[in-house]
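Take the sequence shown: its position 528, counted from the start at 1, is 528 in the UniProt record's numbering, and no numbers get skipped.
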Amino acid sequence: MKSIAQTQGFFVLLVLWSCLCKSAAATVTTKSGCNSTCGNVSVPYPFGVGDPSCAVNENFLLTCNHSSSPPVLKYRQYTPVVNISVDEGTMVVRYRTAYDCYNGSGLVEEFHNSKTLGGSFTLSNTRNKLTVLGCDTVGQMTNEEKTFGSGCFSLCDGNIADYTNCSGVGCCQVEIPPHLKTLNISSESTNNHTNVLDFNPCGFTFLADETFKFSDWRLDATPSKLERYNSVVEWVIENKTCDEAQKNLSSYACRENTNCTYSENNRGYRCLCNQGFTGNPYLQGCQDIDECHYPKTYPCEGTCRNTNGSYTCRCPLGMHGDGKVECKGFPIGSMVAVIGAAILLVISTLLSVVICRKRTKQRNFFKNGGMLLKHQRVRIFSEAELAKATKSYATDHFLGKGGFGSVYKGILPDNTLVAVKKPRDFDKIKIDEEFQHEINIVSQVNHINVVRLLGLCLETKVPLLVYEFVSNGTLFHHIHDSKSEALLAWRSRLRIAAETASALDYLHSLANPPIIHGDVKSANILLDDKYTAKVSDFGASVLISPCQNDVATKIQGTFGYLDPEYVLTGNLTAKSDVYSFGVILVELLTGKKPNSVLSSEEQTSIINHFRSTTGSNELSQLLCFEVADETEVEEIEIFAEIAKECLNNSGIKRPTMKQVAEGLSRLTRLHENLQYQDNREEETLRLSGEHEESCSYTVTTTSFSIGNYTDSI
């Protein structure tokens, strides 16, 4: 039993010793018996301190100056070393700074710096730059052989607060060439700092790495305050290529589990640990990294197992993928619980959304007067119906924008085309009983020349309005678009004017209660597929009782069409619509927009000029279409007189919409009768075989007055 216990104890000690040796081997960076640090700087092999046997050769032998606190590691006894990297093959040193200082008498102190490196060392051309500081400083550099030279010129006026990089203002930098083992640096002044002496007595030139910050420098710096900056020196273990070095294995520096890399700048090779290994490649070689002990550096979402130079990571049961990157799926143990919880969450969320939407729709329905409106003739649409009809208000269904909001084309299940209006400003529109009453009245309007309201959607915050779809755009478009052929003939313009007047007369006289449109303009007159006029957009309309003459409202409407009396008083009357309609008549005659002027020299609006026209000659100059004969000229003159009476600045002197509608209706019948007579005469001439060059006829007209008009042929 005693023998067995001794054997077990020896085995445990052997295992512990093996682990300790492996741990020690993994952390060894210097030769046995050699100092691994000097002050705060580590000294890894192939470098050594003091004893020549501690370094691979004398080029890598450094000294440690213990007279300072902490001790300072030095290269060639004079140059401080602040860092050595075996992996990067670099040594960071602090060279003295070249400088030149001046006072009122001239140069008082200067120092030029020379750097000479051994065969294995080269100044890094990728991490160092020649840096010049000063407001009147020229920094220069050359190598010992004088085979290259470079430098830069730094100026400033004392204000460098806005400059954070070396751009020539107080600081400049230039790159150095590769393969440099010697470097002479000098600092000079072009004008002895004469103009900048008060704030910048000295200039400095030095080699600096990427840690240099221009913002740390002061203009009044002196050599005692600014002597050294970091510079990077690259090193190789031997000035040979990898192939040349591997031919002699006894002197080949790279040990086990390493690879050889060649430095183009230093023209030599150095050693690196293979991937998955760590340690000093120049001593005992590199050891395997146990990646499983460093999960932050070597991630694993499953079971980690170390291998030589790498590691494996197996995903948990029920999951798949590369555990080093991501395991997909769920562990079987938690999968059921997660799926169950997810199903419950989805169901509860969907139920909450459905209930919330239903309550919101119900709340909007009651708020928007659904209980009152659903008993009227107007159809109540659901939000889903209109979303489906407009394809969720797709851009290809967008028709335009108006004062009320955006308009979209919709197609109902029975293929009926509709126009859906979405309000644009939810905060400013209030839905109350007056609005509900107005919707109720407008929905009952039934006139061939008024766009019909088909229904409403009350489930949204602000009701959506559904109108009949009118396919041929607005009268404004056809008047002012030169490509339109809808208004080439006078009879088309006359017919559209008469139809519009008939619609407005209906709103003023026959609707119950009467309706003042409030925004009569050519853009609110739509044309269907047969170019029949239809009045639209009742967003600014108001209802009046039969005994009322006017309604005080906030000024609404479109500039150019507004009744000047309404603008002054704020009282909207039926005569306000008459004035706006008169503007449309001028548009139909002249083809000009209401706000246009005759010319840049004569700043007279087309409306004012039209009211001042006298005689047929002046009127004919304003027409935008060709007149067929004298009969049409006389009709146009009557039409113009109607427009002038509508445009009277005094509302009392304007005709009613009924008088205007009757006048235009009679003028339309007169035109149709004359057309019929002309057609009969042409047919008679054709049948009798007569071929006269010309024919004449006489048209007798009476003086026109809207209040007392008679047809005359």
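Backbone N, C-alpha and C fix where the C-beta goes; we use that ideal spot for every residue, glycine too.
Bear in mind that the values here come from a model prediction, so they are computed numbers and not experimental data.
According to DSSP, is residue 243 helix, strand or coil?
Residue 243 sits in a helix when the DSSP states are folded into three classes.
Consult DSSP for residue 395 and reduce its assignment to one of helix, strand or coil.
DSSP places residue 395 in helix when its eight states are reduced to three.
When DSSP labels each residue in this structure, what does residue 235 get in the three-state scheme?
strand
At a cut of 8 Å, does the stretch 100–114 reach the stretch 175–188 through at least three beta carbon pairs?
yes
Would you say residue 300 and residue 324 are within 8 Å of each other, going by their C-beta atoms?
With contacts defined as CB atoms closer than 8 Å, residue 300 and residue 324 qualify as a contacting pair.
Between residue 522 and the rest of its own chain, which residues show a CB-CB distance below 7 Å, the 5 nearest in sequence each way excluded?
474, 475, 476, 479, 584 and 587
Suppose you measure from the CA of residue 297 to the CA of residue 304; what does that come to, to the nearest Å?
Between residue 297 and residue 304, the C-alpha separation is close to 13 Å.
Here's the rule: buried if 16 or more other CB atoms are within 10 angstroms of the residue's CB, otherwise exposed. What is residue 627?
exposed
Once the 5 residues before and after residue 449 are set aside, which same chain residues still bring their CB inside 8 Å of it?
499, 500, 502, 503, 506, 532, 533, 534 and 535
I need the straight-line Cα distance from residue 597 to residue 624, nearest angstrom please.
15 Å
At the level of alpha carbons, what is the spacing between residue 291 and residue 46?
27 Å
Take the Cβ of residue 336 as the centre, count every other Cβ of all protein chains shown within 10 Å, and call the residue buried at 16 or more, exposed below.
exposed
If you reduce the DSSP assignment to three classes, tell me which class residue 292 lands in.
helix
Would you list the one or two residues that DSSP bridges to residue 533?
527
Relative to the alpha-carbon of residue 258, which residue among 385, 283 and 251 has its alpha-carbon at the smallest distance?
283
Do residue 490 and residue 641 have their beta-carbon atoms positioned less than 8 Å apart in this structure?
The beta carbons of residue 641 and residue 490 sit no closer together than 8 Å.
Starting from residue 581, trace the alpha helix (DSSP H) in both directions and tell me its first and last residue.
574–590
Please report the residue range of the beta strand (DSSP E) in which residue 505 lies.
Residue 505 -> not in any beta strand (DSSP E); alpha helix (DSSP H) instead, spanning 490–505.
Cβ contact check for the stretch 124–140 and the stretch 48–61: 3 or more pairs under 8 Å:
With a cut-off of 8 Å, the stretch 48–61 and the stretch 124–140 do not count as touching, because too few Cβ pairs lie within range.
Would you call the stretch 462–472 and the stretch 408–422 touching, i.e. three or more CB-CB distances under 8 Å?
yes
Cut-off 8 Å between Cβ atoms - residues of its own chain near residue 649, not counting five sequence neighbours on either side:
564 and 565
Out of 233, 252, 133 and 147, which one is the CA nearest neighbour of residue 201?
133
Roughly how many angstroms separate the alpha carbons of residue 451 and residue 639, rounded to a whole number?
25 Å
With a Cβ-Cβ cutoff of 8 Å, do residue 203 and residue 136 count as a contact?
yes
Note down the Cα distance separating residue 573 from residue 363, rounded to an integer number of angstroms.
37 Å
Specify the secondary structure class of residue 100 as computed by DSSP and reduced to three states.
strand
What are the boundary residues of the beta strand (DSSP E) that residue 188 is part of?
From DSSP, the beta strand (DSSP E) with residue 188 extends over 182–188.
Limits of the unbroken alpha helix (DSSP H) element including residue 565
564–569
Complete runs of the alpha helix (DSSP H) confined to the stretch 105–173 [at least 4 residues]:
none
Limits of the beta strand (DSSP E) - the one that residue 314 falls within
310–314
Three-state secondary structure (DSSP) of residue 508:
helix
Does the pairing of the stretch 157–167 with the stretch 236–252 give three or more beta-carbon distances under 8 Å?
no
Please state the DSSP three-state secondary structure of residue 480.
Helix at residue 480.
Taking residue 273 as part of the beta strand (DSSP E), name the residues at either end of that continuous run.
Per DSSP, the continuous beta strand (DSSP E) segment holding residue 273 begins and ends at 268–273.
Quick check on DSSP: helix, strand or coil for residue 46?
Residue 46: coil per DSSP, three-state reduction.
In or out: residue 577 buried (at least 16 other Cβ within 10 Å) or exposed?
buried
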